[in-house]
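If you count the sequence shown from 1, you need to add 606 to reach the working numbering.
All C-beta atoms in this analysis are idealised placements derived from N, C-alpha and C, irrespective of residue type, glycine included.
Let me begin by presenting the structure, written as structure tokens, before commenting on it.
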Amino acid sequence: MEILLDKQTVVIFGAGWGIGQAMARVFAEAQATVYVADIMLENAQVLAQKIVDQGYKAVAVSCDVSDYESVDAVLEKAEKETGRLDVIINNAGIVTLNSFLETSQEDIQKLFNINLLGANNGMQAGIKRMMKYDKGKIINTSSFAGRHALPEGFSHYGMTKAGIIYLTQAGAYAGADYNINVNAICPGIIRSQMWEKILDSYAQAGQDREEAWRTSLKHFIPLKRGDQKPEDIAYTALFLASDLADHITGQAVNVDGGAAMN
Numbered sequence: 607m608e609i610l611l612d613k614q615t616v617v618i619f620g621a622g623w624g625i626g627q628a629m630a631r632v633f634a635e636a637q638a639t640v641y642v643a644d645i646m647l648e649n650a651q652v653l654a655q656k657i658v659d660q661g662y663k664a665v666a667v668s669c670d671v672s673d674y675e676s677v678d679a680v681l682e683k684a685e686k687e688t689g690r691l692d693v694i695i696n697n698a699g700i701v702t703l704n705s706f707l708e709t710s711q712e713d714i715q716k717l718f719n720i721n722l723l724g725a726n727n728g729m730q731a732g733i734k735r736m737m738k739y740d741k742g743k744i745i746n747t748s749s750f751a752g753r754h755a756l757p758e759g760f761s762h763y764g765m766t767k768a769g770i771i772y773l774t775q776a777g778a779y780a781g782a783d784y785n786i787n788v789n790a791i792c793p794g795i796i797r798s799q800m801w802e803k804i805l806d807s808y809a810q811a812g813q814d815r816e817e818a819w820r821t822s823l824k825h826f827i828p829l830k831r832g833d834q835k836p837e838d839i840a841y842t843a844l845f846l847a848s849d850l851a852d853h854i855t856g857q858a859v860n861v862d863g864g865a866a867m868n
């Protein structure tokens, strides 16, 4: 079954790289008008142009998700230009890899501001704007790291991702009276730009990159497959954004090769 979002308006925060890029492409191919929002405007512009060159609809916009007004301005722009607001995806995120005791207050604040406050801003501003349509879909990117504590290095990252799961349920309650579905996706280990940065840190500590990658898969992923792609998350998001998921809300969907079972 082909899922199409013809004429729908989709705003993706954190769309400039990794999973967000895949989401932008997949939603554009589903005939939606995609607003590619990222703090790195040049990345967003390059991606949006590629999408347009392929015959689809995309608009690049700059956004700092930690700033509510910046988030709301993107949603306002999308509404004014298209006359509607159907889907919002809160995908912006960063990771730090210091141990629990060595993570600085500055890094903790950055993780909170981008990962958790950013998702909160997208949900709050989004639900307020979607109310008048009596319909909408909001999707948040969490992580299997939000399901349970991981070894040293992911502690505060996992904290923010666990918070996203909680906020997803809170947002689902807030949006329920207006037919606004709010869900989250919990990816596993995907060799995206973010995970390459993690491997960089292992390499700097003297570990072999590829061995570190294989060890991560063996340790975290029961399926022990290293072929999960950003598109796996993008297609899950597309399903959750479609009418097929009208009765799914407040859920955190694991797409992680079984990692959450560990």
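Between which two residues does the alpha helix (DSSP H) containing residue i stretch?
{"i": "residue 814", "result": "No alpha helix (DSSP H) holds residue 814; DSSP gives it neither H nor E."}
{"i": "residue 747", "result": "No alpha helix (DSSP H) contains residue 747, which is instead part of the beta strand (DSSP E) from 742–747."}
{"i": "residue 771", "result": "761–782"}
{"i": "residue 636", "result": "It is not in any alpha helix (DSSP H) - residue 636 carries neither H nor E in the DSSP assignment."}
{"i": "residue 734", "result": "724–736"}
Please tell me whether residue i and residue j are closer than 9 Å, where the distance is taken between their beta carbons.
{"i": "residue 633", "j": "residue 697", "result": "no"}
{"i": "residue 694", "j": "residue 734", "result": "no"}
{"i": "residue 766", "j": "residue 718", "result": "yes"}
{"i": "residue 864", "j": "residue 794", "result": "yes"}
{"i": "residue 789", "j": "residue 839", "result": "no"}
{"i": "residue 764", "j": "residue 755", "result": "yes"}
{"i": "residue 644", "j": "residue 669", "result": "yes"}
{"i": "residue 627", "j": "residue 621", "result": "yes"}
Would you call residue i buried or exposed, if buried means 16 or more other Cβ atoms sit within 10 Å of its Cβ?
{"i": "residue 821", "result": "exposed"}
{"i": "residue 711", "result": "exposed"}
{"i": "residue 750", "result": "buried"}
{"i": "residue 662", "result": "buried"}
{"i": "residue 867", "result": "exposed"}
{"i": "residue 852", "result": "exposed"}
{"i": "residue 777", "result": "buried"}
{"i": "residue 762", "result": "buried"}
{"i": "residue 753", "result": "buried"}
Check each candidate in the options and name the one with the smallest Cα separation from residue i.
{"i": "residue 615", "options": "749, 659, 685, 648", "result": "685"}
{"i": "residue 835", "options": "847, 800, 810, 786", "result": "800"}
{"i": "residue 553", "options": "771, 832, 813, 861", "result": "For residue 553 there is no data in the structure shown, the boundaries of the chain being 607 and 868."}
{"i": "residue 658", "options": "642, 819, 837", "result": "642"}
{"i": "residue 738", "options": "759, 709, 786, 704", "result": "786"}
Let's see if you can read the secondary structure: which residues bound the beta strand (DSSP E) around residue i?
{"i": "residue 588", "result": "The chain is shown from 607 up to 868; residue 588 falls before or after that span and cannot be answered."}
{"i": "residue 688", "result": "From DSSP, residue 688 is part of no beta strand (DSSP E) but of the alpha helix (DSSP H) over 674–688."}
{"i": "residue 789", "result": "786–793"}
Throw me the rounded Cβ distance for the residue i and residue j pair, which I believe falls under 8 Å.
{"i": "residue 870", "j": "residue 747", "result": "A question about residue 870 goes unanswered here, because the residues of the chain that appear run from 607 up to 868."}
{"i": "residue 720", "j": "residue 672", "result": "6 Å"}
{"i": "residue 727", "j": "residue 674", "result": "5 Å"}
{"i": "residue 680", "j": "residue 667", "result": "5 Å"}
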